[in-house]
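Asks: In the numbering used here, the protein residues as written are 4 to 148.
Can you keep this structure in mind? I'll have questions shortly.
Structure below.
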């Protein structure tokens, strides 16, 4: 039983990998986010708006570009958020007190002007704990005044 517990604990530590550059995100800036996505994408947009960022959701350039993502990014955009995620899984036995949904995702936030990536996060986790981690990462990213 101890070996199984140890294996399980090691397995959980491999669920997230994060690179972030602290004190680099200016508060109340314009953020561009692509359209669509599952729940993690919506969660990030809501968290950024709660913190005072203006979130601009992508628009297609024309009707012929629906098959290929050709988004127009406004000139006043300071940061670009990209999220790729797999469909969430209902996990009532694992995430019972943590949102019931298991998310698998990759999140990237980059400075639009310099192209520098300030957050790269590959994660797996329950819904509420993933949003709490996102909150902590945004706390570290925001410039302290």
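Note that beta-carbon positions come from the ideal geometry of N, C-alpha and C, so glycine has one too.
#1: Apply the 10 Å Cβ neighbour rule to residue 90 and answer buried if 16 or more other Cβ atoms are within range, or exposed otherwise.
#2: Within 8 Å, do at least three Cβ pairs link the segment 50–61 to the segment 88–103?
#3: Quick one: using the 10 Å Cβ neighbour count with 16 as the cut-off for buried, is residue 96 buried or exposed?
#4: Which residue or residues does DSSP assign as beta-bridge partners of residue 109?
#5: Counting only C-beta atoms, is residue 102 closer than 8 Å to chain D at any point?
#6: Can you check whether the CB of residue 143 is closer than 8 Å to the CB of residue 25?
#7: By the 10 Å Cβ neighbour count, where 16 or more other Cβ atoms means buried, how is residue 145 classified, buried or exposed?
#8: From the DSSP secondary-structure annotation, give me the bridge partner or partners of residue 114.
#9: Are the CB atoms of residue 82 and residue 34 nearer to each other than 8 Å?
#10: What separation, rounded to the nearest whole angstrom, lies between the Cα atoms of residue 78 and residue 131?
#11: So residue 127 and residue 107 are in contact, right, with Cβ under 8 Å, and what is the actual spacing, rounded?
#12: Might you give, ordered along the chain, the residues of its own chain that have their beta carbon closer than 6 Å to the beta carbon of residue 85, omitting 5 neighbours on each side?
#13: Go ahead and label residue 116 buried or exposed: buried means 16 or more other beta carbons lie within 10 angstroms of its beta carbon, across all protein chains shown.
Replies: On the basis of the supplied data:
#1: exposed
#2: The count of Cβ pairs closer than 8 Å, one atom from the segment 88–103 and one from the segment 50–61, stays below three, leaving the stretches out of contact.
#3: Classification for residue 96: exposed.
#4: Per DSSP, 87 and 125.
#5: The structure shown contains no chain D; it holds only a single protein chain.
#6: yes
#7: buried
#8: 82.
#9: Contact check for residue 82 against residue 34 passes: the beta carbons are separated by less than 8 Å.
#10: 34 Å
#11: Indeed, because the Cβ distance is near 5 Å, the residues count as touching under 8 Å.
#12: 111
#13: exposed
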